[in-house]
Amino acid sequence: MGLENTGRIGRVLIHPTNPDVVYAAAQGHGYGPQADRGLWRTTDGGKQWTKVLFVNDSTGIIDVAMDPTNPRVLFAASWQQYIVPWDKNSGGAGSGIWMSRDAGDTWTRLDGGANGQGWGRGLPKTGTMGKIGLGIGRNDSQRIYALIEMKEPAFYRSDDGGRSWRAVNRDHDLLERPQYYTRFGVNPANADNVYFVGVRFVGTLDGGLTKMPNPPRAGGDLHDIWWDTRDADRFMVGDDGGIGITIDGGKSFTRIALPNAQMYHVATDTKIPYNLYGNRQDGYSYGGPSNSRGSRSIGVWSAVGGCESGWAVPDTIDGRTVWSGCYDAGLERFDLQTKMARAVEPWPEAGYGVAPKDLKYRFQWTFPIHISAHDHHTVYVGSQYVHKTTNGGQSWTLISPDLSTNDSTKQQSSGGFVIDNLFVENVTVLFSIAESPVQKDLIWAGTMDGLMHVTRDGGKTWTNITANMPGLPKWSTITSIEPSKYDAGTAYVGVDAHLINDRDPYIYKTTDYGKTFTRLDAGIPKSVFSYVHVVREELPQARLLVDANQSWSRPLLEHLLPGMTALGVEAIEQPVPRGQDATLEGLASPI
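Quick note, in our numbering, the sequence shown goes up one by one and the last residue is 604.
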């Protein structure tokens with residue numbers, strides 16, 4: 014239907030009586046200037062689109078609302094925002110609230126009421142806002158709401174169709190982590206009843222003046238809400254783990270698990286049938302068999318410690334231990350037999366909310382975990398240093414200096430108007446660690462800020478080999494290191510640069526311990542999805558495997574894997590035993 018280059022679309026609005034008229038609020042990809050941001054309109058069912066509201070190439074439209082009694086009256090929210098590896102910056106002069114009274118042909122900016130037309134009195138001034146959510150009462154179209162990210166976020170309300178506004182609530186629960194949430198829904202039968210979706214489900218029954226003491230239990234980490242305009246008792250909420258549906262006004266919810274789990278990484282053991290392990294967004298570290306005699310194999314999956322981010326890496330020698338990571342530098346050693354987990358993080362410091370520059374050890378949201386192929390008691394994890402344990406995590410030793418750029422300008426607080434330090438933007442950190450399965454103490458390490466290192470003596474000395482990688486973009490992420498299973502000096506490296514607005518694939522090979530590298534990515538089709546997550550060497554022949562989750566076409570996948578459910582897999586940590594499993598091999602493209 015078009016709009017291929019818009020990137021993220023925050024809201025789609027359909028005309029109530031003419032379905033050929035549709036508005037699409039395009040925020041954009043967020044990683045750099047983009048002319049395709051803005052509010053788009055089609056009047057022919059998507060055959061042609063016209064951009065009817067554009068602020069600038071650093072500002073998109075994140076929300077749009079329509080007057081239910083007059084579809085020519087629209088309100089739109091613009092959001093100035095950008096993402097770089099070290100910052101997710103929200104807010105600026107581009108953010109604001111706009112109104113159109115002619116179906117989007119012309120627009121008036123309402124910020125602070127400075128438009129000279131008597132609209133927007135009481136709203137924050139231009140330049141003080143970030144992300145904004147909008148809503149209009151269906152049974153009272155004069156009631157308009159705006160949930161606004163600012164240094165002190167607030168819920169604003171207008172009772173006269175947008176002419177005058179007042180902040181009615183500044184409760185933190187309404188707008189926690191505004192860059193990630195900022196959504197709400199208005200009861201179509203009662204404009205005083207509003208539900209806010211975010212870290213938790215929050216409600217009001219008096220137009221935002223006070224919170225409901227006991228709102229419906231609709232889940233957490235919620236991102237959107239849909240309300241049936243003909244039956245106010247029926248609404249749905251969507252969150253990181255699925256959706257919840259109520260038909261009794263929130264007294265009870267039916268939980269619907271969708272096959273769209275966000276898996277950070279995948280690892281396997283060597284059992285028969287082998288098991289898969291991975292960390293699921295808004296879940297735990299999970300493990301389960303690749304095959305089962307039961308008709309519902311998903312039912313035999315279970316939690317294996319850890320949490321929603323990072324790695325879950327099984328010890329393939331003892332067969333009962335899984336090392337599971339978590340945000341906030343968390344690390345657990347999970348016993349598959351006793352079902353007990355022990356916290357073994359290298360440093361017991363909670364870094365949640367702390368700027369990277371103020372942390373002793375800077376860990377990434379999904380920091381690397383690697384078990385030595387030569388001694389399964391030896392485990393490596395990465396902060397800005399390589400940490401090593403040989404006793405199950407009871408003690409840790411640093412075996413490297415700071416391997417990152419240690420650029421202090423890239424270690425400040427992230428977020429913009431509202432600070433949001435969650436380890437995701439910790440960039441001067443290690444992102445990948447791998448020891449050669451052929452030669453003990455030969456360890457490769459890659460960082461999120463674009464550096465590559467190697468040691469051949471177990472960490473006594475390290476060599477920075479970044480300059481030997483031709484065309485490596487500055488501030489790209491070394492996402493994957495695959496030491497060869499056949500030759501100690503050979504390794505393959507995958508690089509992801511999409512956070513610096515470069516989606517080209519970067520794949521490197523060295524055969525001389527990193528003294529020289531050659532590029533292997535020639536001929537890979539380039540698109541917005543062609544950046545590389547992971548590179549693997551195939552068994553039993555030494556052929557390179559490149560993650561194609563971002564490159565395969567759907568028709569090709571459906572042809573090769575007709576019964577496979579689509580999953581967003583980021584990485585496969587280990588080759589499947591014997592290297593002959595079609596399920597996982599189907600996710601990779603040999604070169």
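Here a beta-carbon is modelled for each residue, glycine too, at the ideal position from N, C-alpha and C.
What you are looking at is a predicted structure, and each value in this text was computed from that prediction instead of being measured.
- Burial state of Asn477 is exposed, judged by a 10 Å Cβ sphere holding fewer than 16 other Cβ atoms.
- Residue state for Pro369 is assigned as helix, using DSSP reduced to three classes.
- Around the CB of Thr468, 16 or more other CB atoms lie within 10 Å, so the residue is classed as buried.
- Here the alpha carbons of Thr441 and Tyr299 stand approximately 29 Å from one another.
- Checking the DSSP bridge columns, you'll see Thr468 partnered with Ile456.
- Close CB contacts of Pro359 within its chain, under the 6 Å cut and outside five residues either way in sequence, are with His400 and Trp409 (chain order).
- Comparing alpha-carbon positions, the option among Trp240, Trp92, Asn128 and Ser337 lying closest to Gly41 turns out to be Trp92.
- The segment 498-506 makes contact with the segment 448-463: 3 or more CB pairs, one atom from each, lie closer than 8 Å.
- Pairing Pro286 with Pro302, the inter-Cα distance amounts to about 6 Å.
- In this structure, the beta-carbon distance from Val215 to Leu235 does not fall below 7 Å.
- The C-alpha of Ile494 is placed about 22 Å away from the C-alpha of Pro538.
- Between Pro166 and Pro137 the beta-carbon gap is near 10 Å, outside 8 Å, which marks them as no contact.
- Taking the CA atoms as reference points, Arg333 sits about 18 Å from Thr402.
- Secondary structure within the segment 251-277: the beta strand (DSSP E) runs of 3 or more consecutive residues, fully enclosed, are 255-259 and 267-270 (chain order).
- Membership of Cys339 in the beta strand (DSSP E) is indicated by the continuous run Thr334 to Cys339.
- For Arg549, the enclosing beta strand (DSSP E) has its first and last residue at Val548 to Glu551.
- Every beta strand (DSSP E) of 3 residues or more that sits fully in the segment 386-432 is shown, in chain order, as 392-395 and 399-402.
- The DSSP-derived three-state label of Gly146 is strand.
- With a cutoff of 7 Å on beta-carbon distance, Lys522 and Thr531 are scored as near each other.
- Take Tyr158, set aside five residues on each side of it, and the residues of its chain with a beta-carbon closer than 6 Å to its own are Gly148 and Arg170, in chain order.
- Per the Cβ contact rule, the segment 353-370 is in contact with the segment 428-436 (3 or more Cβ pairs under 8 Å).
- As computed with DSSP, His383 is found in a beta bridge with Tyr393.
- Residue pairing by DSSP puts Ser315 in a beta bridge opposite Gly300.
- In summary, Leu222 is exposed, with fewer than 16 beta-carbon neighbours lying within 10 Å of its beta-carbon over all protein chains present.
- The shortest CA-to-CA distance from Ser265 to any of Pro229, Trp120 and Trp475 is the one to Pro229.
- The straight-line gap separating the alpha-carbon atoms of Lys373 and Pro272 is approximately 39 Å.
- Secondary structure of Thr72 (DSSP, three-state): strand.
- A straight line joining the alpha-carbon of Ala89 with that of Phe542 spans about 29 Å.
- Ranked by Cα distance from Ile384, the first of Arg346, Tyr398, Met79 and Asp420 is Arg346.
- Excluding sequence positions up to five before and after Gly104, its CB lies within less than 7 Å of the CB of Gln93, Met142, Gly143, Glu162, Gly429 and Phe430, all in the same chain and listed in chain order.
- Runs of the beta strand (DSSP E) spanning 3 or more residues and lying entirely within the segment 147-227 occur at 157-161, 167-171, 179-182, 196-199, 207-210 and 215-217, in chain order.
- In the DSSP assignment, Leu435 falls outside any beta strand (DSSP E) and carries neither an H nor an E.
- DSSP places Asn514 outside both helix and strand once states are collapsed to three, so it counts as coil.
- Here the segment 385-392 makes no contact with the segment 349-356; the two share fewer than three CB pairs at distances below 8 Å.
- Here Val77 is bridged, per DSSP, to Ala89.
- Thr242 and Arg151 do touch by the CB rule: their CB atoms are close to 6 Å apart, below 8 Å.
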